[in-house]
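Have a look at the structure below before the remarks.
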Amino acid sequence: MSSRHLSSVLKAPLLRAHSQLPSKGLMGLAGMLAIMLALIFLPRPEIFTSVDSYLVPHSLLEIGSVLVALMAAASIFQGHRSTLPTSFMVMGCAFVLSAFCDLVHIFSYAGMPNFISDASVQKAIHFWLAGRTAFVFALLAPCIITSRPVTRRYLPLALLATFIVGLLISWAGLYHLEYLPATFVAGSGLSDWKIGYEWALALTALAAAALLLGANSLPEGTNAGWLAAAAMATGLSELCFTLYASAYDVFNLLGHLYKMAAYAMIYHAIYSSRMTYPYQQLKEMSTALSEAEQRWQFALEGSGAGVWDWKQDSDHVFYSTQWKATLGFKEDEIGSSFDEWKSRIHPDDMPRTLDDLKQHFAGHSAEYRNEHRMLTRSGEWKWILDQGRVVERTEDGRPLRMIGTHSDIDWIKEQQQRLITSRARLRSIYHSAPIGIIVADCNGIIADANSAMHNMLGKDGTELFQQSLWGLFSLEEVSRMKRAWGQLQREGGSFQDEYHMQVERGHMFWAEVTLTPLEGEDRTLVLINNIEDRRRAIELLEENATLYQEVFSTGNAIKLLIDPELAEIIDANPVAAEFYGYSIGEMCGMPLSRINVLASQAISKRIRAVVNRTDNHFEASHQLANGELRDVEIFTGPVDLNGRTLLFSIVHDITDRKRAQRDLQTANLKLSRLSESRNQIHHLAECLLTCSQLDDIITQLNVRLPSLFAGSEGSVTLSVPDDAYQTMHINWGTPPTEACLVSHSLSVGDTEAGKFTLQIPIDAESQERLRPLAEDVCHLIMLALADLQLKQGLSHEARKDTLTRLYNRRYLDEVLPQKLAEASIGNPLSLVVLDLDHFKQVNDTYGHEMGDQVLTRLATLIRESLRSSDEACRYGGEEFVILIPGASAAVSRARVEAILAAFGEEVFESETQPPLTGLGFSAGVANAPHDSQTTDTLFKMADKALYQAKRAGRKRVICYSSLPPSQDSLASADS
272 MSSRHLSSVL KAPLLRAHSQ LPSKGLMGLA GMLAIMLALI FLPRPEIFTS VDSYLVPHSL
332 LEIGSVLVAL MAAASIFQGH RSTLPTSFMV MGCAFVLSAF CDLVHIFSYA GMPNFISDAS
392 VQKAIHFWLA GRTAFVFALL APCIITSRPV TRRYLPLALL ATFIVGLLIS WAGLYHLEYL
452 PATFVAGSGL SDWKIGYEWA LALTALAAAA LLLGANSLPE GTNAGWLAAA AMATGLSELC
512 FTLYASAYDV FNLLGHLYKM AAYAMIYHAI YSSRMTYPYQ QLKEMSTALS EAEQRWQFAL
572 EGSGAGVWDW KQDSDHVFYS TQWKATLGFK EDEIGSSFDE WKSRIHPDDM PRTLDDLKQH
632 FAGHSAEYRN EHRMLTRSGE WKWILDQGRV VERTEDGRPL RMIGTHSDID WIKEQQQRLI
692 TSRARLRSIY HSAPIGIIVA DCNGIIADAN SAMHNMLGKD GTELFQQSLW GLFSLEEVSR
752 MKRAWGQLQR EGGSFQDEYH MQVERGHMFW AEVTLTPLEG EDRTLVLINN IEDRRRAIEL
812 LEENATLYQE VFSTGNAIKL LIDPELAEII DANPVAAEFY GYSIGEMCGM PLSRINVLAS
872 QAISKRIRAV VNRTDNHFEA SHQLANGELR DVEIFTGPVD LNGRTLLFSI VHDITDRKRA
932 QRDLQTANLK LSRLSESRNQ IHHLAECLLT CSQLDDIITQ LNVRLPSLFA GSEGSVTLSV
992 PDDAYQTMHI NWGTPPTEAC LVSHSLSVGD TEAGKFTLQI PIDAESQERL RPLAEDVCHL
1052 IMLALADLQL KQGLSHEARK DTLTRLYNRR YLDEVLPQKL AEASIGNPLS LVVLDLDHFK
1112 QVNDTYGHEM GDQVLTRLAT LIRESLRSSD EACRYGGEEF VILIPGASAA VSRARVEAIL
1172 AAFGEEVFES ETQPPLTGLG FSAGVANAPH DSQTTDTLFK MADKALYQAK RAGRKRVICY
1232 SSLPPSQDSL ASADS
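Listed below in structure tokens is the structure:
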């Protein structure tokens, strides 16, 4: 449970727990309705035979109603000290008016002695209806009148207005009854007007009940259910008053009884409920705090992170069970000293780790964070991420207490090592390739070159770096190379041609240059193959055709003689026959389409280009006799043989080279993607571990997951910690054509926190890359959620005193300025500073352990004696500070004196000394804004009152406002 949810639980008005009729109220109403129906349908009992016999019980019932009405009004007025809601002020005044009318009703009843004027039924009913109208209006007041609080200085004016209204009603009923409608006709009973008015009152009471059940703005502690029950009882009472035929009829008695029941329900709803309200709030607060602590423990256990708590003054370190388990130790195998941690750090990591600690102690970093290796129980080194912060310092800034976590990050280091190994493997392939390889940027600046390229040019590894690619070509070739380069940058694809290149000392050679852009990078791969020998062979063939037979028959190259008109092989050398798997006889006269997989039209086009001398170099796929396809490179040119133009072709098997090129491009692409993914994972981890709210985590995932899993569709669902039924969703991407589902549950401890799903392509490369990536992301999300809960728990603990569990001085410094800013004449704030008497003697005589028991017990008494709105802090040593909002200095003094009395009765047993009894403390009280509204001044005033309490004999509480001027000035002089 987060602090925000806990706060909302503690502040929620108790009204919602009573927004329906209570079971006891329902049973009472059902019984009242049953009695009324029974009297309607059964013969009415004659309890009274005359008005005279009815006067005594009637007077007693009415007096009881008057007393209960006044008690209800008094509970309203006395239940609010400085201010009270407007609606409740009106309700209380209406109850007073009802009591007044009922009192006059008693004396004006027929048969009673004359009161000012002659008593009569008509006069009694007039005052009765006035009282009932005031009562029903009192029930409606909380629903139709604002609950805005007003100061109590308006209460006398409201009571005066109520008294004036009562006098007007009395004046009309006692002296001018003839102007009022007839309510009772002798011999006939109640008039229609009177019955109709009673029905109107009954319906109004039922409407008030409905409004009260739906009200959401009643003052805290008010039981809406019992108020609604009182309104319904009033409705039944009014119905009874429509049914009696004589003044002493049983329904008249029943109506009075129901009216008293309604008054009792109102008294319970307003007074009794407000008495139990603080205790119910305290129970809810205790339950919420217990749940929050339990969830924090689950979060720690589920995240796998250990916790340590270091007290520098005693060099005592608490290591959690998980901290020890991370290193393979059991609970009792590691002590509680700082050296238990320090002695297990790898020697190479020790200086950097201790330096990071010193930087944090000096305040140069917001938190301590370090990665280092630690020795496990099995003798192995494990990488650990250590995080923490100082939560308590001395007044001069020296650290006293530090809390942090200890997480196993061995798996992250393994991923990093795997990436390093992959890069080394690719680098080995890169440098062992038989052809020259250059990586250049878009401007032709060389970024890297392999060993073959350095050997080809006769230069070492540093000479080529950051040099221009154009400097490797002859002056005649540079412009042609730049044109090809520009076209490649604009249109993409790949490019291949032959160029004259130069090495040191002006030596030139022919090279086959292939340009291929690197996918995902603004760089180009340049493959350079030295074809000087091949060019020299072709030139020799063109210059001297008579050497054909010798050249054709010797050497290790595959050589073919082709008829361009028939597209047939005329002759082949033994190397060609061995390569293709045919005999020389089978190859002579063989169509080119038998070995070349190109279509006939494409073969004819290439032959024409060779004959016209526009092209003499091709790459193709040739099929061997066994059906195997091999990649070949063909250099061909026309030769004249016995007056016949034929094509002389030299064929090189480049299958291994092409495979190496493809493997190199594939490996480079994989490495590029893996490197990019790992960089994104690392950046995502850094961002997630700095998040302080769940919304920050959602934002980071929403921004980074789409690019991390490009080309796939995925979603993340996270549960809101404060509400198990509320979830937050992240969706990205579109599903691939053919995909498989990867799904992972996200959990923190034993609590399920959400779900991660991903639709990835079914090809092996995507599976190999994205599945481990998804697992890493899920681990990071769970680690971030656990880290978030841990940070919230640590923030709460940093503001608590470890011994007394009260708030500490740090918390007081944060809240006191705000509390003082809210203080006003109508809402004062009392500041109490109390100090244990003779506490040093307790420590010297009984020991510090007994001193800790005394401090803990006093803190418990303070916590149990205060309201939920009050706040108590341990200010330092044996000094405590209490903030009591909404209370005057006198009221606060009375509360603290009650604590002092309870503390003085405490008995502390000792094994070696007599029981410790009769302890006490001295306290000073200052009030804002009456005394002051600034922090320093208010503290000084409370300290002066405390000092005076010490001088006056201790064990007492003194208010600053009660100090005589002479004592105040004396305290000022002494201080």
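Quick note: the sequence shown uses the numbering used here, first residue 272, plus one each step.
Each residue gets a CB set at the ideal place from its N, CA and C atoms; glycine is no exception.
Just so we're clear, the structure is a prediction, and the values are computed from it rather than from any experiment.
In the pairwise beta carbon analysis, the stretch 825-842 is classified as touching the stretch 875-885: at least three pairs are separated by under 8 Å. When DSSP states are grouped into helix, strand and coil, residue 868 belongs to the coil group.
When C-alpha distances from residue 506 are compared across 480, 494, 652 and 520, the shortest belongs to 480. When C-beta atoms of the stretch 658-671 are compared with those of the stretch 894-910, fewer than three pairs fall below 8 Å, so the two segments do not count as touching. Exposed is the label assigned to residue 682, since fewer than 16 other Cβ atoms lie within 10 Å of its Cβ. If the five residues before and after residue 828 are omitted, its C-beta is found closer than 6 Å to the C-beta atoms of 921, all from its own chain and listed in chain order.
One Cα belongs to residue 865, the other to residue 909, and the distance between them is close to 22 Å. In this structure, the alpha-carbon of residue 540 lies about 59 Å from that of residue 1012. Counting C-beta pairs closer than 8 Å gives fewer than three between the stretch 1215-1223 and the stretch 1162-1181, which falls short of the contact rule. In the three-state DSSP reduction, residue 1185 falls in the coil class, being neither helix nor strand. Taking the Cα positions, residue 752 is about 37 Å away from residue 979.
In the structure shown, residue 750 falls within a helical segment according to DSSP collapsed to helix, strand and coil.
Within the DSSP secondary-structure output, residue 1144 pairs in a beta bridge with 1078 and 1152. Around the Cβ of residue 713, a 10 Å sphere holds fewer than 16 other Cβ atoms; the residue is exposed. For a cut-off of 8 Å, the C-beta gap from residue 592 to residue 602 is around 6 Å, short enough to register as a contact. Runs of beta strand (DSSP E) with 3 or more residues, each lying fully within the stretch 690-767, are found at 707-712 and 717-720, listed in chain order.
About 16 Å separates the beta carbon of residue 707 from that of residue 741, a gap too long to meet the 8 Å contact definition. The stretch 438-455 makes no contact with the stretch 494-501: fewer than 3 CB pairs, one atom from each, lie closer than 8 Å.
In terms of Cα proximity to residue 1020, the closest of 1053, 991 and 1151 is 1053.
Under the 8 Å Cβ criterion, the stretch 1111-1119 does not count as touching the stretch 1067-1086, having fewer than three qualifying pairs. In terms of Cα proximity to residue 705, the closest of 690, 726 and 692 is 726.
With contacts defined by Cβ atoms closer than 8 Å, residue 1229 and residue 1191 do not form a contacting pair. Taking 8 Å as the cut-off, the beta carbon of residue 1032 is found closer than this to the beta carbon of residue 1010.
Residue pairing by DSSP puts residue 582 in a beta bridge opposite 587 and 672. For residue 934, the three-state secondary structure derived from DSSP is helix. Note on geometry: alpha-carbon atoms of residue 1041 and residue 944 lie some 10 Å from one another.
Remark: C-beta atoms of residue 778 and residue 747 do not approach each other more closely than 8 Å. Look at residue 299 here: in three-state DSSP terms it is helix.
In the DSSP assignment, residue 514 falls outside any alpha helix (DSSP H) and carries neither an H nor an E. With respect to residue 477, residue 307 sits apart: the two C-beta atoms are not nearer than 8 Å. Scanning the stretch 848-936 for uninterrupted alpha helix (DSSP H) segments of 4 residues or longer gives 855-858, 863-866 and 871-882, listed from N- to C-terminal end. Taking the CA atoms as reference points, residue 494 sits about 29 Å from residue 1133.
Classified as exposed, residue 954 has fewer than 16 neighbouring CB atoms from the shown chains inside 10 Å of its CB.
Scanning the stretch 1158-1227 from its first residue to its last, the whole beta strand (DSSP E) runs of 3-plus residues come out as 1192-1199. Looking from the CA of residue 412, the closest CA among 365, 466 and 369 belongs to 365. With respect to residue 508, residue 530 sits close: the two C-beta atoms are nearer than 8 Å.
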